[in-house]
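Q:
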Ligand SMILES: [Zn+2]
Ligand SMILES: [Zn+2]
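Numbering (our numbering), first residue to last: 10 to 396.
1) With H, G and I counted as helix, E and B as strand and the rest as coil, what does DSSP make of residue 132?
2) If you compare alpha carbons, which of 94, 92, 70, 89 is closest to residue 83?
3) Using beta-carbon positions only, say whether residue 383 and residue 19 come within less than 8 Å of one another.
4) Let me check one thing: in DSSP terms, what residues is residue 73 bridge-paired to?
5) From 155, 58, 136, pick the residue whose C-alpha is nearest to that of residue 392; which is it?
6) Using 10 angstroms around the beta-carbon of residue 257, count the other beta-carbons present and answer buried if the total reaches 16, otherwise exposed.
7) Determine whether the beta carbon atoms of residue 372 and residue 111 lie at a separation below 8 Å.
8) Does DSSP put residue 115 in a helix, a strand or coil?
9) Kindly indicate the opening and closing residues of the beta strand (DSSP E) around residue 155.
10) Classify residue 98 as buried or exposed, calling it buried when 16 or more other Cβ atoms lie within 10 Å of its own Cβ.
11) In chain order, which continuous runs of the beta strand (DSSP E) of length 3 or greater are located wholly inside the region 265-330?
12) Which word fits residue 354, buried or exposed, when buried means at least 16 other C-beta atoms lie within 10 angstroms of its C-beta?
13) Ordered along the chain, which non-local residues of its own chain (more than five positions away) have a Cβ less than 8 Å from that of residue 337?
14) Can you tell me the Cα-Cα spacing of residue 359 and residue 251, whole angstroms?
15) For residue 331, which option in 102, 180, 341, 157 has the closest C-alpha, if you only look at C-alpha atoms?
16) Given the structure, does residue 35 come close to ligand 2, in the sense that its CB is under 7 Å from one of the ligand's heavy atoms?
17) Do the CB positions of residue 32 and residue 104 come within less than 8 Å of each other?
18) Which value, in whole angstroms, describes the spacing of the CA atoms of residue 305 and residue 210?
19) For a quick check, are the C-beta atoms of residue 34 and residue 109 less than 8 Å apart?
20) Apart from the five residues just before and just after residue 61, which ones in its own chain have a Cβ nearer than 7 Å to its Cβ?
21) Could you say if the region 279-292 and the region 225-242 meet the contact criterion of at least three C-beta pairs nearer than 8 Å?
22) Alpha carbons only, please: which of 164, 346, 344 is nearest the one belonging to residue 138?
23) Within 10 angstroms of the Cβ of residue 173, are there 16 or more other Cβ atoms? Answer buried if so, exposed if not.
24) Round the Cβ separation of residue 177 and residue 363 to the nearest angstrom and send it over; I've been treating them as touching at under 8 Å.
25) Can you give me the start and stop residues for the beta strand (DSSP E) that residue 167 sits inside?
26) Kindly indicate the opening and closing residues of the alpha helix (DSSP H) around residue 227.
27) Identify whether residue 250 lies in helix, strand or coil by the three-state DSSP scheme.
28) Given a threshold of 16 other Cβ atoms within 10 Å of its Cβ, counted over all protein chains shown, does residue 245 qualify as buried or as exposed?
29) Please determine whether the Cβ atom of residue 147 lies at a distance below 7 Å from any heavy atom of ligand 1.
30) Output yes or no for whether 8 Å exceeds the beta carbon distance between residue 151 and residue 344.
31) For residue 113, I'd like the list of residues in its chain whose CB is within less than 7 Å of its CB, leaving aside the five on either flank, ordered along the chain.
32) Using 8 Å as the threshold, is the C-beta distance between residue 132 and residue 74 below it?
33) How many Å lie between residue 271 and residue 241 at the Cα?
34) Specify the secondary structure class of residue 161 as computed by DSSP and reduced to three states.
35) My assumption, with CB atoms under 8 Å, is that residue 88 sits in contact with residue 143. Please give the rounded CB distance.
36) Following the continuous beta strand (DSSP E) through residue 402, name the residue where it begins and the one where it ends.
Okay, structure coming up:
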């Protein structure tokens, strides 16, 4: 097991990669320059099994250990940026207006590249490491597509591991959830179809604004009155649009929102009951609704064995005092959940220091984190695939 000092030598090179990626952010599946950069680096480390074009711009590269036969484990980094303008005022700020690495995926990519360079030159493990560089984490479900395109079977991956930086947690610290590690995400749209009229004569209308307002209020009571207070469910109405003038009652009101749940049963409950509530209220007023519901990420679970391996690897790097193994899960989602649905493993957080939060225009991945992330990956490989 290595301490972080082993990986200080990689710092300046990893800085360069990270800052290059930061200056050249790309979105979603359109990561052509990023994927080319990653592929070139991997090849320059002497890695010769590199498959590109998975889920459009995703990459899987294999490094064989010199410790004999063994299983294959997957290490995953996301590579995509966000559609926003940067305000970090760093010399390496985004060169592309409207695009920014606001979630630190530039750092995640650089850390996995650093680990790849180290592992390819030492190969002190049995079996195989599959480096998974995925597109479209932020909105496009790239993790799901890579699973659907068969990476787990094709490369014989038996366990998968992910990592994300966490602003507000000290650099050099790690945190991991035991079991539940993230919520499911669903989105819904409701169109209330009423009848318009002059606003001075409301009795001639079926007012979709009043109906939509009632629906918003009723949806809030689904969580507070119909679910176990000890279980976690969030229903947020996040869009509400209707009307064009002071004196017109409109025909339609449009609403949309998001559902976050831990338990699959609550997820099903929310899907059923949101529609039932909207329909019931609309019917009471003589209106109709159109309801659409979209399931996105599943809830994310860390598996026991993978979690223990991750904790061991992180403790070996920074000592037990710097690894919090009881992090409370949040209601956020992460598309690594698709990979953890397909294979056991674990997802760990690495402290990014006192930076702005992710998805904030002033955010920047903290380069001091690079040797910690690299070291975690290497320790994880040499622990899980110990010779
Ligand atoms: Zn993000
Ligand atoms: Zn992210």
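We treat Cβ as the ideally placed atom computed from N, Cα and C, and that holds for glycine.
A: Per the coordinate set shown:
1) For this step, residue 132 is matched to residue 123 along the chain shown. Coil at residue 132, not helix or strand.
2) Counting from 1 along the chain shown, the entry for residue 83 is found at position 74. Comparing Cα positions, the closest option is 70.
3) Here residue 383 corresponds to residue number 374 of the chain shown, with the count starting at 1. Here residue 19 corresponds to residue number 10 of the chain shown, with the count starting at 1. Residue 383 is a Cβ neighbour of residue 19, given a cutoff of 8 Å.
4) As a first step, residue 73 must be located in the chain shown, where it is residue number 64. The partner list for residue 73 (beta bridge, DSSP) reads 137.
5) For the purposes of this step, residue 392 is taken as the residue at position 383 of the chain shown. When each option's Cα is compared against that of residue 392, the closest is 136.
6) Here residue 257 refers to the residue found at position 248 of the chain shown. With fewer than 16 other Cβ atoms within 10 Å, it is exposed.
7) The sequence position of residue 372 within the chain shown is 363, counting from 1. The sequence position of residue 111 within the chain shown is 102, counting from 1. Against a cut-off of 8 Å, the Cβ pair of residue 111 and residue 372 comes out as a contact.
8) Counted from its first residue, the chain shown places residue 115 at position 106. Note: residue 115 maps to helix in three-state DSSP.
9) One-based indexing of the chain shown puts residue 155 at position 146. Careful: residue 155 lies outside any beta strand (DSSP E), inside the alpha helix (DSSP H) at 151-157.
10) Taking the chain shown and counting its residues from 1, one reaches residue 98 at position 89. Residue 98 should be labelled exposed.
11) The region 265-330 contains these whole beta strand (DSSP E) runs: 297-304.
12) Mapped onto the chain shown, residue 354 falls at position 345. Result: buried.
13) Here residue 337 corresponds to residue number 328 of the chain shown, with the count starting at 1. Excluding positions up to five away in sequence, the list reads 186.
14) Reading the chain shown from its first residue, position 350 is the one you call residue 359. Reading the chain shown from its first residue, position 242 is the one you call residue 251. Computed Cα separation, rounded: 43 Å.
15) Here residue 331 refers to the residue found at position 322 when the chain shown is read from its first residue. Of the listed residues, the one whose Cα sits closest to residue 331 is 180.
16) Numbered from 1 along the chain shown, position 26 holds the residue referred to as residue 35. No; taking the cut-off as 7 Å, the Cβ of residue 35 has no heavy atom of ligand 2 nearer than that.
17) Walking along the chain shown from the start, residue 32 turns up at place 23. Walking along the chain shown from the start, residue 104 turns up at place 95. Going by C-beta atoms, residue 32 is nearer than 8 Å to residue 104.
18) On the chain shown, position 296 is the one that residue 305 refers to. On the chain shown, position 201 is the one that residue 210 refers to. Between residue 305 and residue 210, the C-alpha separation is close to 43 Å.
19) Here residue 34 corresponds to residue number 25 of the chain shown, with the count starting at 1. Here residue 109 corresponds to residue number 100 of the chain shown, with the count starting at 1. Cβ distance < 8 Å, so residue 34 and residue 109 count as in contact.
20) Walking along the chain shown from the start, residue 61 turns up at place 52. So the list reads 44, 48, 68, once near-sequence residues are dropped.
21) yes
22) Mapped onto the chain shown, residue 138 falls at position 129. For residue 138, the nearest C-alpha among the options comes from 164.
23) Translated into the one-based positions of the chain shown, residue 173 becomes position 164. Answer is buried; the Cβ neighbour count reaches 16.
24) Mapped onto the chain shown, residue 177 falls at position 168. Mapped onto the chain shown, residue 363 falls at position 354. Contact flag correct, Cβ pair sits at about 7 Å.
25) Here residue 167 corresponds to residue number 158 of the chain shown, with the count starting at 1. Segment 166-175, the beta strand (DSSP E) holding residue 167.
26) As a position in the chain shown, residue 227 is number 218, starting the count at 1. First-last of the alpha helix (DSSP H) with residue 227: 217-235.
27) Here the question's residue 250 lines up with position 241 in the chain shown. The answer is strand: DSSP assigns residue 250 an E or B state.
28) In the chain shown, counting from the first residue as 1, residue 245 sits at position 236. Exposed, since its Cβ has fewer than 16 Cβ neighbours within 10 Å.
29) Reading the chain shown from its first residue, position 138 is the one you call residue 147. At least one heavy atom of ligand 1 is nearer than 7 Å to the Cβ of residue 147, so yes.
30) By 1-based counting over the chain shown, the position of residue 151 is 142. By 1-based counting over the chain shown, the position of residue 344 is 335. Yes, Cβ-Cβ distance for residue 151 and residue 344 is below 8 Å.
31) Locating residue 113 in the chain shown gives position 104, counting from the first residue. The residues are 174, 361, 367, 374.
32) By one-based count along the chain shown, residue 132 stands at place 123. By one-based count along the chain shown, residue 74 stands at place 65. Yes, the Cβ-Cβ distance between residue 132 and residue 74 is below 8 Å.
33) Numbered from its first residue, the chain shown carries residue 271 at position 262. Numbered from its first residue, the chain shown carries residue 241 at position 232. When rounded, the distance between both Cα atoms is 6 Å.
34) Within the chain shown, residue 161 is the residue found at index 152, counting from 1. Here residue 161 carries a helix assignment [DSSP, helix/strand/coil].
35) Within the chain shown, residue 88 is the residue found at index 79, counting from 1. Within the chain shown, residue 143 is the residue found at index 134, counting from 1. The pair is a contact, with the Cβ atoms about 7 Å apart (cut-off 8 Å).
36) The shown model of the chain, from 10 to 396, leaves out residue 402, and the question about it has no answer.
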